[in-house]
Amino acid sequence: MKSEVGASQYRQQSLIQDARKEKEGSGLIAPESLALTSGDPDEGSSFLNIIFTISNPSTSPLPTNLKVLEKHGALIYHIETRPAVSSRKNEEDLECFVKCSIHSSSINTLMSALKRVASDVKIVRDKILPSFPRKVQDLDMCWNLIVKFEPNFDQDHPGYGDQEYKKRRAYFAELAYKYRDGDDLPIVEYTAEETATWNQVYKSLSSLYPNYACKQYLEAFQQLEKYCGFTENAIPQLQNVSNFLKERTGFKLRPTAGLLCARDFLACLAFRVFPSTQYLRHPSAAMHSPEPDCCHELLGHIPMLADKEFAQFSQDIGLASLGASDEDIEKLSTLYWFTIEFGLCQENGSIKVYGAGLLSSYGELVYALSNKPELRPFDPEVTAAQPYADNSYQPIYFVSESFEDSKAKLRRYALKMKKPFCLRYNPFTCSIEVLDSFQKVRTALSQIKDELQILCSALDKMSLS
Ligand SMILES: [Fe+2]
């Protein structure tokens with residue numbers, strides 16, 4: 038744990054270490070898992086990989102076997118054949134691999150029928166991909182928490198022995214657990230003690246922002262003060278903040294009971310949803326918290342989420358995480374750590390801060406722009422493999438040329454990740470489309486063509502006027 042004073046120095050071994058913990062299977066509460074698959078072509082249908090051997094193809098040719106598939110309603114996507122290596126009878130025997138989609142109710146009869154015309158008929162399972170939410174409503178099931186930093190479990194937590202504080206935290210946890218997508222965000226009546234904590238943090242940090250924060254942050258912070266009740270005297274309500282973000286970048290908030298595991302947290306970003314805690318840190322340690330609290334969310338994250346380029350960058354990390362392997366989740370968590378939490382950026386020849394972990398930490402904010410740490414250019418390949426400091430200030434920070442540049446680099450990085458499909462977010466239905474068939478790609482392309490036509494026509498009109 039960091040020992041120096043930080044306004045919101047929550048212990049963010051965070052997503053990176055949490056991603057490792059996920060792999061190890063510890064430190065998580067797993068209330069239920071999502072039973073979502075990675076490529077169901079139609080309602081009730083599923084992909085099936087079948088291998089079978091055709092003996093004497095001259096008398097029972099391949100089309101005969103394919104007819105059987107067709108008769109049972111299977112839609113064939115891919116066929117491969119090769120000499121049957123296992124055949125002991127005839128060197129002309131063929132081994133066939135077929136990938137098809139078929140209604141689940143027809144699988145058994147298809148297999149029986151195939152066994153009548155071929156031998157060694159087997160279903161081969163694809164390598165199982167991690168499941169992921171497809172619709173924004175699925176995020177209701179993404180609430181696996183890392184609980185080891187909470188006051189009930191962490192003996193170093195300033196609220197560990199405070200029963201009243203734990204009772205209050207249980208109240209906030211209940212609000213988050215009851216929340217479902219589409220509900221109004223809970224309105225909280227904060228106590229005088231909580232407001233005093235907020236006041237202390239707000240005053241100390243906002244005095245630093247003009248010299249340290251990037252221009253996107255400063256612009257949004259001004260707007261938040263003007264239109265969204267950001268003031269040292271009252272803790273903003275998440276519903277107002279969510280409305281503010283929705284109007285600017287389409288991001289919305291949902292309450293979380295604590296620190297989400299990496300996979301669930303990143304999945305929320307894919308839908309432009311930001312999980313936000315609603316409780317305050319313990320009053321005995323206003324300038325330090327071992328876990329995220331609403332001071333960190335509201336002062337660190339929210340202003341940047343109002344910037345269009347930054348919002349797209351955040352969503353892109355989220356989209357890259359869907360269906361990713363545990364190893365890739367760890368790398369994406371590291372990228373998240375060195376950008377969204379601890380990122381620096383160039384601005385008119387000087388270096389400014391945009392990372393929420395810094396913008397909510399008085400001590401590390403000053404340190405990051407001193408000449409003590411090493412600064413390196415943001416490069417996803419390098420950044421994703423960079424070890425991080427979890428018990429002291431970062432010895433290395435990464436500097437983005439611009440959010441546009443970082444976004445382009447991240448997209449190139451994500452394209453190289455080993456996933457058997459491409460994903461696209463549909464903002465009209467708030468859902469993820471898996472682009473795993475020509476038809477789906479054609480539909481997406483025709484939507485883009487329509488939009489391009491509108492833009493071309495707008496350009497034509499402007500050039501005529
Ligand atoms: Fe954070």
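Just so you know, we're using the working numbering here: the sequence shown kicks off at 38 and counts up by one. Using N, Cα and C, we set each Cβ at its ideal position, and we do this for glycine too. Small disclaimer: the values here were computed from a predicted structure and weren't measured.
Check your understanding: In terms of residues, what are the limits of the alpha helix (DSSP H) holding Glu367?
Key -> From DSSP, the alpha helix (DSSP H) with Glu367 extends over Asp363 to Tyr373.
**Study point:** Classification of Leu489 by the beta-carbon crowding that lies within 10 angstroms, buried from 16 upward
**Key:** That one is exposed.
Practice item. Confirm, please, whether the CB-CB distance from Leu290 to Ile183 is below 7 Å. Key: The answer is no: Cβ separation not under 7 Å.
Exercise for review: Can you grab the Cα-Cα spacing for the pair Phe415 / Lys345, in whole Å?
Suggested key: Taking the straight line from one Cα to the other gives about 19 Å.
Exercise for review: Would you list the one or two residues that DSSP bridges to Ser468?
Suggested key: Residue pairing by DSSP places Ser468 opposite Lys172 and Asn463 in a beta bridge.
Exercise for review: Pull up the distance between the alpha-carbon of Leu501 and that of Ala495, whole angstroms please.
Suggested key: Each residue's alpha carbon lies about 10 Å from the other.
Exercise for review: From the DSSP output, in three-state form, read off Leu381 for me.
Suggested key: Correct three-state label for Leu381: strand.
Review point. Within 6 Å: the Cβ of Ala294 and any heavy atom of ligand 1?
Key: Because no heavy atom of ligand 1 lies under 6 Å away, the Cβ of Ala294 does not count as near it: no.
**Study point:** Beta-carbon separation (whole angstroms), Met148 vs Val158, contact threshold 8 Å
**Key:** Contact flag correct, Cβ pair sits at about 6 Å.
Check your understanding: When the Cα atoms are used, what is the spatial distance from Ala451 to Phe458?
Key -> Those two C-alpha atoms are separated by around 12 Å.
Review point. Under 7 Å, do Leu212 and Pro320 count as touching if we go by C-beta distance?
Key: With contacts defined by Cβ atoms closer than 7 Å, Leu212 and Pro320 do not form a contacting pair.
Review point. Are the segment 223-236 and the segment 307-321 touching by the rule of at least three beta carbon pairs closer than 8 Å?
Key: Using a C-beta cut-off of 8 Å, the segment 223-236 makes contact with the segment 307-321, since at least three inter-stretch Cβ pairs fall below that distance.
Exercise for review: Return the Cβ separation of Arg413 and Ile433 in integer angstroms, given the expectation that the two are a contact with Cβ distance under 8 Å.
Suggested key: That pair is a contact at about 6 Å.
Check your understanding: Helix or strand or just coil, what does DSSP make of Ile354?
Key -> Judged by DSSP in its simplified three-state form, Ile354 adopts helix.
Exercise for review: Please state if the CB of Val173 and the CB of Asn86 are separated by a distance shorter than 7 Å.
Suggested key: No, the pair does not count as a contact, with Cβ atoms beyond the cut-off.
Review point. Per DSSP, Ile88 forms a beta bridge with which residues?
Key: Phe134 and Lys159.
Check your understanding: Just to confirm, does Ala299 get its C-beta within under 6 Å of one of the non-hydrogen atoms of ligand 1?
Key -> No, Cβ of Ala299 sits at least 6 Å from all heavy atoms of ligand 1.
Check your understanding: Below 7 Å between beta carbons: does that hold for Gly337 and Ala393?
Key -> Ala393 sits close to Gly337, with the two beta carbons spaced by under 7 Å.
**Study point:** Rounded C-alpha distance that separates Phe311 from Leu282
**Key:** Whole-angstrom Cα-Cα distance: 10 Å.
Practice item. Evaluate Leu492 with the Cβ neighbour count: other Cβ atoms within 10 Å of its Cβ, from every protein chain shown; 16 or more gives buried, anything less gives exposed. Key: An exposed status is given to Leu492, since fewer than 16 other beta-carbon atoms sit within 10 Å of its beta-carbon.
Check your understanding: Using the rule of at least 16 other Cβ atoms within 10 Å of the residue's Cβ for burial, across every protein chain shown, is Arg300 buried or exposed?
Key -> Its Cβ being crowded by 16 or more others within 10 Å, Arg300 is buried.
Check your understanding: Pro273: buried (16+ other C-beta within 10 angstroms of its C-beta) or exposed?
Key -> Buried, since its Cβ has 16 or more Cβ neighbours within 10 Å.
Review point. Pairing CB atoms from the segment 95-112 with CB atoms from the segment 132-146, are three or more of them under 8 Å?
Key: Under the three-pair Cβ rule at 8 Å, the segment 95-112 counts as touching the segment 132-146.
Review point. What residue from Ser351, Gly386, Lys389 and Ser362 has the CA that sits closest to Trp374's CA?
Key: Closest in alpha carbon position to Trp374, among Ser351, Gly386, Lys389 and Ser362, is Ser351.
Review point. Is the closest heavy atom of ligand 1 to the C-beta of Ala393 under 6 Å?
Key: Ala393: yes, Cβ under 6 Å from ligand 1.
Review point. Who are the near neighbours of Tyr239 in its chain, counting only those whose CB is closer than 6 Å to its CB and skipping five residues on each side?
Key: Excluding sequence positions up to five before and after Tyr239, its CB lies within less than 6 Å of the CB of Glu269, all in the same chain and listed in chain order.
**Study point:** For Tyr399 and Ser241, the rounded distance between their alpha carbons
**Key:** Cα-Cα distance, rounded: 7 Å.
Review point. Between Lys368 and the rest of its own chain, which residues show a CB-CB distance below 8 Å, the 5 nearest in sequence each way excluded?
Key: Contacts found: Ala421 and Ala422.
Exercise for review: Pick helix, strand or coil for Lys498, following the three-state DSSP scheme.
Suggested key: Taken through DSSP and simplified to helix, strand or coil, Lys498 comes out as helix.
Practice item. Return the CA-CA distance between Lys486 and Arg479, expressed in angstroms with no decimal places. Key: The straight-line gap from Cα to Cα measures roughly 10 Å.
Point to revise | Where Leu412 falls: helix, strand or coil (DSSP) | key: Shown here, Leu412 sits in a strand according to DSSP, grouped into three states.
Check your understanding: For the 8 Å Cβ check, are there 3 or more pairs between the segment 87-99 and the segment 126-133?
Key -> Enough Cβ pairs lie closer than 8 Å, so yes.
Practice item. Could you please give me the residues that DSSP links to Ile313 through a beta bridge? Key: Per the sequence shown, the amino acid found at residue 313 is Ser instead of Ile. According to DSSP, residue pairing for Ser313 in a beta bridge involves Pro292.
Exercise for review: Take Pro417 and list the residues in its own chain whose beta-carbon comes closer than 8 Å to its own, dropping the five residues that flank it on each side.
Suggested key: Residues Leu372, Lys446, Leu447, Arg449 and Tyr450 of the same chain have their beta carbon placed closer than 8 Å to that of Pro417, with the five preceding and five following residues left out of the count.
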